[in-house]
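First up is the structure itself, then whatever we jot down about it.
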Amino acid sequence: MGYCTLQPSGRGIAMKTSEFNQILIARYLMKHCLFITLLTMTLNTAQAEVIQLTSSQINNMQIKTIAINPDSGTSARRYSAEVILPATQQRMITAPQQGLIDALHVSLGNTVKKGQVIAHISSPELVSIQSDYLQTLTKKNLAEATLNRDGELLKDGVIAKRRYLETQSLHEELSAALSEKRQALKIAGMSEAAIQALSQSKKMTQGISIASPINGQVIEQMANVGQRIDSATPIYKIAQLNPLWIEISVPVEEALSLKSGMVIDIPKFQAKGAITTVLRSLNKNNQTMQVRAEIKQGSDHLAVGQLVEAEIILEKQNTQFTVPRAALARNSNQVFVFKQLANGFEAVPISLISEQGNQAIIQAPLSAKDSIAISGIAALKGSWLGLGGK
């Protein structure tokens, strides 16, 4: 039989090899027993979400279940909304010059085409602006002829280059002045065709014809025939009424799950569209966010300022379901449902999408084959917390 020698604190101790091996084995077992104990505790904690119950216990606790509907993956949320007109589809028609409205060719509610004459204003100021333009045009044409003549004389050596440069400078000044007068006519309301006709005929007009800048409908009339108006006085408001927008106030916890492209339905008015924007600004008074949608289909059934009931069609997801609110159990900041097992129930954490009335929309790792508890939830929760819930 062999021996080994240990040297604790410098002092030799004789020990049989077999005894030494037994000590090592004991230490190994103690170390790994501790690991197994900790592992067992961890597994027990992980299994604490399962509530083991017999059929008799389930009956005594008055627990009832329902099967998850496989068609409940698609659902809709319903909200109140207001129909609004996009700012980019509105035009305010104003008087380009002060004068007298002597004709209005359209009224409130009329449909107009782009370029259609909708009003006429008599304006003495327009006559003055046309006169200035024609005088400047005459001077510019004379300067252009002089410049061409001096150019030929310079080639023949008849005049000095300095004289040619002076003529050229005058021509450039008058060209710039003519551009300024031409722009003044445009601001006064004259079209390019009318200015071209004035340049050729030299015949001035005493009034301005105002044309619609867009296709649309007259939604407001602010002036009348015979009224004297100043420059920039509003006459009409014209708008394109397709598409329209709706704005929806959505609770913040529900708005965060929405995104552009989701379908919007207004069933009462046979109108449809899609979300374009989820405004990331919060109304602190009611904790809602504004969701904007564009309505292209059936917008002719809606009116600006109208209050409607809109449905947001949620995207179809295999893990999204509509369940009774009574099926929900809350523990701290987490929401659960109890999925039925062969030997009891399992507390399954879920994401709560929304709650409306007696129904809730949840997202959870469930399938069409699963059933969940809808009554006896308090008893189940009590048993669950006793197993290790917090």
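According to our numbering, the sequence shown is numbered sequentially starting from 73. Backbone N, C-alpha and C fix where the C-beta goes; we use that ideal spot for every residue, glycine too.
- The secondary-structure analysis by DSSP pairs residue 294 with nothing; it has no beta-bridge partner.
- Boundaries of the alpha helix (DSSP H) harbouring residue 222: 196 to 228, taken from the DSSP string.
- For the pair residue 445 and residue 427, the Cα-to-Cα distance works out to about 18 Å.
- Of all alpha-carbon atoms in 361, 299, 403, the one lying nearest the alpha-carbon of residue 452 is that of 403.
- Counting along the chain, the unbroken beta strand (DSSP E) around residue 175 starts and ends at 171 to 176.
- With distances taken between CA atoms, residue 162 lies nearest to 312 out of 221, 312, 148, 283.
- The C-beta distance from residue 364 to residue 351 rounds to 7 Å, short enough to fall under 8 Å.
- With a 10 Å radius around the Cβ and a threshold of 16 neighbouring Cβ atoms, residue 235 comes out exposed.
- Membership of residue 124 in the beta strand (DSSP E) is indicated by the continuous run 122 to 124.
- For residue 376, the secondary structure class from DSSP, reduced to helix, strand or coil, is coil.
- Here DSSP, grouped into helix, strand and coil, assigns residue 424 to strand.
- A Cβ-Cβ distance of about 6 Å is found for the pair residue 216 and residue 243, placing them in contact under the 8 Å criterion.
- Of all C-beta pairs linking the region 284 to 293 to the region 181 to 189, three or more are shorter than 8 Å, placing the two stretches in contact.
- Going by DSSP, residue 136 is part of the beta strand (DSSP E) stretching over 136 to 139.
- Annotated as distal: residue 436 and residue 394, with beta-carbon spacing of 8 Å or more.
- About 12 Å separates the CB atoms of residue 270 and residue 208; that is not less than 8 Å, and the two are not in contact.
- Membership of residue 130 in the alpha helix (DSSP H) is indicated by the continuous run 127 to 132.
- Contact check for residue 367 against residue 167 fails: the beta carbons are separated by 8 Å or more.
- For residue 239, the enclosing alpha helix (DSSP H) covers residues 233 to 259.
- Distance between residue 136 and residue 448, taken at the CA atoms: about 7 Å.
- Residue 284 places its beta carbon 8 Å or farther from that of residue 193.
- Sequence-distant Cβ neighbours of residue 261 in its own chain, meaning closer than 7 Å and more than five residues away, are 168, 169, 280, 282.
- Taken in chain order, the whole alpha helix (DSSP H) runs of length 4 or more contained in the region 318 to 356 are 324 to 327.
- Three or more Cβ pairs closer than 8 Å define a contact, and the region 370 to 384 meets that threshold against the region 309 to 328.
- Exclusion of the five residues before and after residue 139 leaves 443 as the residues of its chain whose Cβ lies within less than 6 Å of its Cβ.
- C-alpha of residue 211 to C-alpha of residue 346: approximately 60 Å in a straight line.
- A direct Cα-to-Cα measurement between residue 172 and residue 342 gives close to 45 Å.
- Counting only the Cα atoms, residue 201 lies some 50 Å from residue 153.
- From the listed residues 405, 441, 221, 406, the smallest Cα separation to residue 413 is found for 441.
- In this structure residue 335 does not touch residue 361 by the C-beta definition: roughly 19 Å separates them, more than the 8 Å allowed.
- The C-alpha of residue 245 lies about 43 Å from the C-alpha of residue 178.
- Of the residues 330, 434, 417, 432, the one whose Cα lies closest to the Cα of residue 129 is 417.
- The Cβ neighbour count for residue 239, taken over all protein chains shown within 10 Å, is at least 16; the residue is labelled buried.
- Contact annotation: residue 378 and residue 155 have beta-carbon atoms nearer than 8 Å.
- Excluding sequence positions up to five before and after residue 133, its CB lies within less than 6 Å of the CB of 448, 451, all in the same chain and listed in chain order.
- Minimum Cα-Cα distance from residue 357 among the listed residues 324, 174, 275 corresponds to 324.
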